[in-house]
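K.L.:
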Amino acid sequence: MVKRALFHAPTLRQTLFFALLLIIVLLLLHHSTFITSQPSVAPKINILSVEKQNTTTVFAGYLRKGFLQIPLYGYIKEGGMKAYTTGEIYGLIKKIRVFGNVAIATGNIYSFKTKNMAMLVSILFLEENKPPINLIVSSCDNSFASDALVDGDSLIVVGYTYCTLNETTGTVVHQVAGYKFISGKSGESDIIFLKFDLKNLSLVDFKLIGSPSFDDIPTLVLKRRNLYYVIGETWAYNVSQADIFVAILDQDFNIVRNFAVGGASYETPFDAIFLDDDLLITGFTTSGEMGDEGFAVLLSKIGNIKKSILLSSKGNDHLQYVSVTENGKKVIISGNGEIDEDKSDSLLITLNSADWNIEKFELVRAIPDNDTLIFMSKDGKLIIRTGRLRLVDLADKVAYCLSTNCSDSQIVFLDDRKESNIFLKKIASWRTSYNILKEKSLAGNLHVDTMPSTPYNIKLAKSSVSIKESIFQRQIDWRKRLIRSLEQNVPILLILPIPVGFVIVYIIAKRGSRSEHH
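Here the working numbering is used: position 323 in the sequence shown is 315, and no number is missing along the way.
Right, here's the structure in full:
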């Protein structure tokens, strides 16, 4: 008789299963200890907009707390610094501008009332001892505030919303600028204008305009001789690629004139100023073979292109803030581009406003390290230095540090004017199209609510900044060039041995036939 064992040795699968089960039980038993032992991640500050007036510098952006993104804004002045958030509510602020004793910040925030994104307009009082006020403007769909300005006792806000009345059903043929498009009913983003009474913050008026069935996204609003100029991007007749739109409205938000300017690629405007009665717009386009190209274009009041430059280097290029100095004689444009080998630099370009000749073409770098520098002001005097986050004020030669490390640093301006003609050219094949926008109707009601701000403590430190100017000396790294050439020609290098092998075999065969013949 064969006796059977009472216990069998466990198989490998059973052993692994019980080991995994034991690990899970231990983790559950020590759950609270496991969680609390993890190091807490400090909130990360991201600055998207800065502006300075006299001795006061305002800033705005967002605070990153884990997966939560919270609107952040504040100011720095001689008496110290104050910062505010909107509490634990998702959103961000993209722009802040100063108008006398108030600063207006614009962005977006989640609305619990409508369960979608709403326009956020934050009013920061710089002189009075009053807490900021947040205006939340929500509608039936997502809405975003792009820019604002103060006009007397009125606050003008421009943004865009997807809460547009469906004016058509089925398909409809649109004819814009000589092009025909077949599309469905409305439902894309349109431009919304809001007018508030600045004293009691009540909504006085609003209007919606847009192109037929395609997205329109405003970037900024300017005022000139009792007219509002709104600049942004539109897909009105170039459905797959955006062009620049300019909408000119009177003080009742009636359309006086509107047109779109662009080429066959995607154009994104960033900033604009007036030169006499002309409009100078900066931004970037995707037309470059090596990446984005920066542009600056001077338009007449009817949309004709009078002057233009295109910045095209070895990589992505963007032209951003623009300003005029010396009574309009010089134009200063900031941006970034890959002028040097495998390195993206901040750029400062100075033009003669009369003929647009290049007077300076400067690469701007930080010493001792290679932190990225981002220009944040029209005059090129305010810079955000990433890595060790700090706001660099070149006018006062001081840096405000928002991180623990606040060592002194040097900003170097390297003039590369002699070689700038390699990277700068005129814009070709852009065209202007007219009457792309029309007045529209909102699908639902606008809800305007106020929300208090929450003070946020930022430890601010200061360090000194020195400025150095020099001539840029281009150094060619032949090793990098060889590696890049090999990388770009990998297919040729892989195929090359095949014809070479055939040639060698042919020569050997020829020699063999000759030796046999002799």
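For glycine and all other residues, C-beta sits at the position ideal for the given N, C-alpha and C.
All values reported here derive from a predicted model rather than from experimental measurement.
Have a look at 255, 308 and 264 and flag the residue whose alpha-carbon is nearest the alpha-carbon of residue 216.
P.N.:
Working through the sequence shown from its first residue, we reach residue 216 at position 224. With distances taken between Cα atoms, residue 216 lies closest to 264.
K.L.:
So, at 8 Å on beta carbons, what are the nonlocal neighbours of residue 405 in its own chain, with the 5 sequence-adjacent residues on each side left out?
P.N.:
Here residue 405 refers to the residue found at position 413 of the sequence shown. Around residue 405: 340, 354, 355, 356, 459, 460, 461 and 462.
K.L.:
Can you find the residues in the same chain that come closer than 8 Å, C-beta to C-beta, to residue 83, ignoring five residues on each side of it along the sequence?
P.N.:
To locate residue 83, count along the sequence shown from 1; it is residue 91. Only 54, 61, 62, 63, 99, 100, 101, 102, 109 and 112 meet the Cβ criterion.
K.L.:
Since residue 43 is in the beta strand (DSSP E), which residue starts that stretch and which ends it?
P.N.:
Residue 43 sits at position 51 when you count from the first residue of the sequence shown. Note, residue 43: beta strand (DSSP E), 36 to 45.
K.L.:
Pick out whichever of 298, 292 and 335 has its Cα sitting closest to the Cα of residue 250.
P.N.:
Within the sequence shown, the letter at position 258 stands for residue 250. Among 298, 292 and 335, the Cα nearest to that of residue 250 belongs to 292.
K.L.:
Evaluate contact between the segment 70 to 78 and the segment 406 to 415, counting only Cβ atoms and requiring at least three cross-stretch pairs below 8 Å.
P.N.:
No contact exists between the segment 70 to 78 and the segment 406 to 415.
K.L.:
Spatial neighbours of residue 421 within its chain, please: C-beta separation below 8 Å, excluding the five flanking residues on both sides.
P.N.:
The residue given as residue 421 occupies position 429 in the sequence shown. So the qualifying residues of the chain are 255 and 256.
K.L.:
Please look up how many angstroms separate the CB atoms of residue 434 and residue 345, rounded, as I've assumed it's under 8 Å.
P.N.:
To locate residue 434, count along the sequence shown from 1; it is residue 442. To locate residue 345, count along the sequence shown from 1; it is residue 353. Contact doesn't hold; Cβ gap of about 41 Å is too wide.
K.L.:
As a quick exercise: from 143, 347, 301 and 195, pick the residue whose alpha carbon is nearest that of residue 127.
P.N.:
In the sequence shown, residue 127 corresponds to position 135, counting from 1. Cα-wise, what sits closest to residue 127 is 195.
K.L.:
Could you please give the first and the last residue of the uninterrupted beta strand (DSSP E) stretch that includes residue 87?
P.N.:
What you label residue 87 is simply residue 95 of the sequence shown in a count that begins at 1. Residues 83 to 91.
K.L.:
Using a 10 Å radius around the Cβ and a threshold of 16 neighbouring Cβ atoms, would you call residue 211 buried or exposed?
P.N.:
Numbered from its first residue, the sequence shown carries residue 211 at position 219. Under this definition residue 211 is a buried residue.
K.L.:
From residue 118 to residue 398, what does the alpha carbon distance come to, in whole angstroms?
P.N.:
Reading the sequence shown from its first residue, position 126 is the one you call residue 118. Reading the sequence shown from its first residue, position 406 is the one you call residue 398. Taking the straight line joining both Cα atoms gives about 26 Å.
K.L.:
Can you tell me which of the three DSSP states residue 455 falls into?
P.N.:
For the purposes of this step, residue 455 is taken as residue 463 along the sequence shown, with counting starting at 1. Strand, per DSSP.
K.L.:
Could you check which residue in 329, 273, 219 and 107 has the C-alpha nearest to that of residue 245?
P.N.:
Here residue 245 refers to the residue found at position 253 of the sequence shown. Comparing Cα-Cα distances from residue 245 to each of 329, 273, 219 and 107, the minimum goes to 219.
K.L.:
Where do the ends of the beta strand (DSSP E) carrying residue 385 lie?
P.N.:
If you number the sequence shown from 1, residue 385 lands on position 393. Note, residue 385: beta strand (DSSP E), 382 to 385.
K.L.:
What's the C-alpha gap between residue 315 and residue 94?
P.N.:
As a first step, residue 315 must be located in the sequence shown, where it is residue number 323. As a first step, residue 94 must be located in the sequence shown, where it is residue number 102. Straight-line Cα distance between these residues: approximately 22 Å.
K.L.:
Here's the rule: buried if 16 or more other CB atoms are within 10 angstroms of the residue's CB, otherwise exposed. What is residue 174?
P.N.:
Along the sequence shown, one-based indexing puts residue 174 at 182. Caution applies to residue 174, whose pLDDT of 42 falls short of 50 and renders its modelled position unreliable; the model cannot decide the point.
K.L.:
Residues bridged to residue 239 by DSSP?
P.N.:
Along the sequence shown, read from residue 1 onward, the residue named residue 239 stands at position 247. DSSP lists 222 and 250 as partners of residue 239.
K.L.:
Within its chain, find whatever has a CB closer than 8 Å to the CB of residue 457; leave out the 5 residues flanking it on each side and keep chain order.
P.N.:
For the purposes of this step, residue 457 is taken as the residue at position 465 of the sequence shown. So the qualifying residues of the chain are 384, 385, 386, 389, 390, 391, 400, 401, 402 and 403.
K.L.:
Where does residue 411 fall in DSSP's three states?
P.N.:
For this step, residue 411 is matched to residue 419 along the sequence shown. Reduced to three states, the DSSP call for residue 411 is helix.
K.L.:
Measuring CB to CB, does residue 429 end up less than 9 Å from residue 274?
P.N.:
As a first step, residue 429 must be located in the sequence shown, where it is residue number 437. As a first step, residue 274 must be located in the sequence shown, where it is residue number 282. No, the Cβ-Cβ distance between residue 429 and residue 274 is not below 9 Å.
K.L.:
Just how far apart, CA to CA, sit residue 130 and residue 78?
P.N.:
Looking up residue 130 in the sequence shown gives position 138. Looking up residue 78 in the sequence shown gives position 86. Straight-line Cα distance between these residues: approximately 16 Å.
K.L.:
DSSP state of residue 204, grouped into three classes?
P.N.:
Working through the sequence shown from its first residue, we reach residue 204 at position 212. Residue 204: coil per DSSP, three-state reduction.
K.L.:
How would you call residue 154, buried or exposed, if buried means at least 16 neighbouring beta carbons within 10 angstroms?
P.N.:
Translated into positions along the sequence shown, residue 154 becomes position 162. Buried, because 16 or more other Cβ atoms sit within 10 Å of the Cβ of residue 154.
K.L.:
How many angstroms separate the CA atom of residue 200 from the CA atom of residue 88?
P.N.:
On the sequence shown, residue 200 is found 208 positions in, with the first residue counted as 1. On the sequence shown, residue 88 is found 96 positions in, with the first residue counted as 1. If you take the alpha carbons of residue 200 and residue 88, they lie about 23 Å apart.
K.L.:
Could you pull out every residue in the same chain whose Cβ sits closer than 7 Å to the Cβ of residue 358, ignoring the five residues on either side in sequence?
P.N.:
Taking the sequence shown and counting its residues from 1, the one referred to as residue 358 is at position 366. Excluding sequence neighbours, residue 358 sits near 365, 377, 401 and 403.
K.L.:
DSSP three-state label for residue 463, please.
P.N.:
One-based indexing of the sequence shown puts residue 463 at position 471. Residue state, collapsed to three classes: strand.
K.L.:
Please state whether DSSP places residue 172 in a helix, a strand or coil.
P.N.:
Your numbering for residue 172 matches position 180 in the sequence shown. With a pLDDT of 43 at residue 172, under the threshold of 50, the modelled position of that residue is not reliable, and the figure given next carries that caveat. Strand.
K.L.:
Roughly how many angstroms lie between the CA atoms of residue 156 and residue 464, to the nearest whole one?
P.N.:
Taking the sequence shown and counting its residues from 1, the one referred to as residue 156 is at position 164. Taking the sequence shown and counting its residues from 1, the one referred to as residue 464 is at position 472. Whole-angstrom Cα-Cα distance: 52 Å.
K.L.:
Which residue's Cα is closest to the Cα of residue 57: 81, 394 and 50?
P.N.:
For the purposes of this step, residue 57 is taken as residue 65 along the sequence shown, with counting starting at 1. When each option's Cα is compared against that of residue 57, the closest is 81.
K.L.:
Between 86, 91 and 489, which has its C-alpha nearest residue 46's C-alpha?
P.N.:
As a first step, residue 46 is located in the sequence shown; it is residue number 54 there, counting from the start. The candidate whose alpha carbon is nearest that of residue 46 is 91.
K.L.:
If we ignore side chains and look at the alpha-carbon of each, how far apart do residue 425 and residue 252 end up?
P.N.:
As a working note, residue 425 is residue 433 in the sequence shown. As a working note, residue 252 is residue 260 in the sequence shown. Taking the straight line from one Cα to the other gives about 5 Å.
K.L.:
For residue 235, is the classification buried or exposed, using 16 other Cβ atoms within 10 angstroms of its Cβ as the cut-off for buried?
P.N.:
As a first step, residue 235 must be located in the sequence shown, where it is residue number 243. Flag for residue 235 reads buried.
K.L.:
Please list, in chain order, all residues of the same chain as residue 22 whose beta carbon is under 6 Å from its beta carbon, the five residues on each side excluded.
P.N.:
The residue you call residue 22 lines up with position 30 of the sequence shown. The predicted model places residue 22 with a pLDDT of 49, which falls under 50 and marks its position as unreliable; any figure quoted below should be read in that light. Closer than 6 Å at Cβ, skipping near neighbours: no residue.
K.L.:
Could you pull the start and end residues of the beta strand (DSSP E) that residue 283 belongs to?
P.N.:
The residue given as residue 283 occupies position 291 in the sequence shown. Per DSSP, residue 283 belongs to no beta strand (DSSP E) and is neither H nor E.
K.L.:
From this set, 320, 258 and 308, which residue's C-alpha is nearest residue 270's C-alpha?
P.N.:
As a working mapping, residue 270 is identified with position 278 in the sequence shown. Taking only the C-alpha atoms, the option nearest residue 270 is 320.
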